[in-house]
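Please read the structure below before turning to the comments.
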Ligand SMILES: CC(C)(COP(=O)(O)OP(=O)(O)OC[C@H]1O[C@@H](n2cnc3c(N)ncnc32)[C@H](O)[C@@H]1OP(=O)(O)O)[C@@H](O)C(=O)NCCC(=O)NCCS
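Numbering (our numbering), first residue to last: 1291 to 1463.
Here it is in structure tokens:
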């Protein structure tokens, strides 16, 4: 599903292969890769990142709407500062999970919260009734984003990704 979503400071848009170099600075950073799903391997160079982006772009049209993976661009200087995705949580693939990754040098400015709020609002307009976020219990920053967004704490579970995770949920108000 093609998306271009502006917020005050950001533009959420589809990934492009040209983003590989900037995306590698996000997904290749140890501070980011450490917290992503267990199957994620740090992307060590631009070619590897381009291959990942290629796979994401190819997969996009086959995802169950409103799932997607998007780039977060700072409007002020057109810097690619992060990525976020809405995807069906394994293993049951019934619940939509919002995930975030920001380049470490832009943490602490509210970009994840601002981008997430826009994507959640948009997703609810597409007709889904819940958005989830999951985070390892010690991923304080991710948990803080979920709370800042006003997500409700649902509990702790091991049903996703075979690891203990805190689960947060948001429903349309
Ligand atoms: C999770 C992650 C995206 C959170 O990034 P973040 O920058 O901490 O979160 P936000 O962008 O919402 O910024 C919040 C911070 O900006 C501050 N802030 C400044 N301006 C703000 C604004 N306009 N609005 C909201 N917060 C603002 C907040 O006070 C908060 O500061 P603090 O961290 O000192 O408490 C980031 O740490 C990351 O990429 N982690 C690795 C990947 C990951 O763990 N993903 C989650 C699992 S999928």
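Glycine residues also receive a C-beta, built at the ideal position from the N, C-alpha and C atoms.
Distance from the Cα of residue 1360 is smallest, within the candidate group 1327, 1391, 1382 and 1341, for 1391.
Per DSSP, reduced to three states, the secondary structure at residue 1441 is coil, with no helix or strand assignment. At a Cβ-Cβ threshold of 7 Å, residue 1440 and residue 1457 do not count as neighbours.
Residue 1338 sits in a helix when the DSSP states are folded into three classes. Looking at the DSSP output, residue 1407 bridges to nothing. Within the same chain, 1363 and 1365 come within 6 Å of residue 1301 by CB-CB distance, once the 5 residues on both sides are set aside. Distance from the C-beta of residue 1407 to the nearest heavy atom of ligand 1 is not below 6 Å. If you check the C-beta of residue 1447 against ligand 1, you find no heavy atom less than 6 Å away. Per DSSP, reduced to three states, the secondary structure at residue 1418 is coil, with no helix or strand assignment. Look at residue 1365 here: in three-state DSSP terms it is coil, with no helix or strand label. In this structure, DSSP gives residue 1360 an extended state, which the three-state scheme calls strand.
About 20 Å separates the Cβ atoms of residue 1317 and residue 1380, ruling out a contact at the 8 Å cut-off. Taking C-alpha positions only, residue 1340 is separated from residue 1462 by approximately 36 Å. Look at residue 1293 here: in three-state DSSP terms it is coil, with no helix or strand label. When distances are taken from the beta-carbon of residue 1342 to the heavy atoms of ligand 1, even the shortest one reaches 6 Å or more.
Under the three-state reduction of DSSP output, residue 1325 falls in the coil class, being neither helix nor strand.
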